[in-house]
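Step one of this worksheet: look at the structure below.
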Amino acid sequence: MEQGKNIKEIKDKMISAPPVQEKNTTVITMTDGVLIPKKGNKHLFTSWRLTFWGSLVLLISLCVFKKDLYGKIFLYIITGMPTTFECTIFAIMGAIVIGIATGLGSSSKNRFLKQLCGVYVELIRGIPLLVQLMFLYYALGSLIHIEGMVAAITALSICFGAYMGEIIRAGIQSIPKGQTEAARALGLSKSQTFFSIILPQTIKVVLPAIGNEFISMLKDSSLVSILALSDILKRGREYISRTFLSLQTMLVVALVYLILTLILSRLVGLMEERLHKNG
């Protein structure tokens with residue numbers, strides 16, 4: 004009990020210590036996902052609200068005032084949402100597991116393990132996701148039977164796991180080495196140092212990037228329609244083949260994806276704010 008109390012006190016003191024910042028340093032955030040809106044950033048938050056409410060009002064107006072056209076399209080393609088979310092949620096869970104293993108391996112002092120993780124990251128990041136999906140489902144499918152959903156989740160997990168690995172590696176390396184040295188000097192073991200000191204701070208650092216990867220995965224999940232999975236895009240393509248209303252159908256598909264993406268970006272922003280608030 005006394006040891007656990009001491010570990011908690013050490014953890015609270017080290018995590019609450021303000022980071023050392025260099026003067027005249029500009030931080031530039033780059034991402035292929037949407038920017039996560041925060042209340043402190045009025046411009047970004049206002050832009051998010053304008054985009055979200057504008058797209059939502061447009062979609063509702065189309066479905067209400069042109070119910071026979073856009074209402075039918077919406078009701079048809081919305082049936083693909085469970086498939087989209089199932090694929091995305093399970094894939095992000097797999098990507099996080101792979102990413103943690105890859106990030107730890109890349110940060111390891113074991114040269115072989117470090118090189119192996121590096122090869123995996125470079126190999127996967129150099130091959131387009133669409134090619135990976137087709138290779139896993141069609142090429143390997145000729146040797147072993149793979150279900151469409153299993154192939155989609157596996158390909159997305161492997162692809163985004165490489166990006167997650169780099170995010171987690173960067174997050175671990177961003178924690179000052181003095182944190183580890185101080186924890187070891189105070190008598191904590193390697194595992195206690197990592198799980199009690201390093202990991203909590205790493206989560207704070209990498210959460211926005213992981214949130215952006217989750218949002219990017221939701222958008223890229225539209226590629227699984229080539230595996231005959233009835234996701235949102237696949238349902239839209241089916242409706243076009245029946246009615247030839249390509250412009251109207253793709254407009255509804257785009258608005259649905261946009262609204263889902265904006266909702267997720269705000270949820271990630273709220274999660275990040277709450278995590279930093281609670282320490």
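End of the sequence shown = 282 in my numbering, gap-free, step of one.
The C-beta atom is built at its ideal place from N, Cα and C for all residues, glycine as well.
Keep in mind that this is a model prediction, so the values were computed, not measured.
Cα atoms of glutamate 125 and glycine 108: separation of roughly 14 Å, rounded to the nearest angstrom.
Counting only runs of 4 or more residues that sit fully inside the segment 199 to 241, the alpha helix (DSSP H) segments are 202 to 223, in chain order. Here serine 64 carries a helix assignment [DSSP, helix/strand/coil]. Across the structure, glycine 272 and isoleucine 170 are spaced so that their CA atoms are roughly 18 Å apart.
Here glutamate 216 is buried. Its C-beta has 16 or more other C-beta atoms within 10 Å.
Note that the segment 113 to 133 does not touch the segment 196 to 208; fewer than 3 beta-carbon pairs, one per stretch, sit closer than 8 Å.
Membership of isoleucine 175 in the alpha helix (DSSP H) is indicated by the continuous run 151 to 177. Isoleucine 80 and serine 177 have their C-alpha atoms spaced approximately 43 Å apart. Under the Cβ criterion (8 Å, minimum of three pairs), the segment 152 to 166 counts as touching the segment 133 to 144.
Non-local beta-carbon contacts of leucine 62 in its own chain, meaning distances under 6 Å to residues more than five positions away in sequence, involve Leu258 in chain order.
Residue environment analysis places serine 268 among the buried positions, since at least 16 neighbouring C-beta atoms fall within 10 angstroms of its C-beta.
At the C-beta level, lysine 222 and serine 228 stay beyond 8 Å of one another. Counting of Cβ neighbours within 10 angstroms places proline 211 among the buried residues, the total reaching 16 or more. Contact annotation: threonine 87 and serine 192 have beta-carbon atoms that are not nearer than 8 Å. In the assembly as shown, tyrosine 141 is an exposed residue. Its beta-carbon has fewer than 16 other beta-carbons within 10 Å. Counting along the chain, proline 85 sits inside the alpha helix (DSSP H) bounded by residues 84 to 109.
A residue is called buried once 16 or more other Cβ atoms fall within 10 Å of its Cβ, and glutamine 118, having fewer, is exposed.
With distances taken between CA atoms, threonine 183 lies nearest to Pro203 out of Met167, His148, Pro203 and Tyr166. Assignment of leucine 191 by DSSP, reduced to helix, strand and coil, places it in the coil class. Between the beta-carbon of phenylalanine 55 and that of isoleucine 262 there is about 7 Å, and that keeps the pair under the 8 Å contact cut. Non-local C-beta neighbours of valine 209 in its own chain, meaning closer than 8 Å and more than five positions away in sequence, comprise Ile170, Ile171, Ala173 and Gly174, ordered along the chain. Annotated three-state conformation of glycine 272 is helix, per DSSP.
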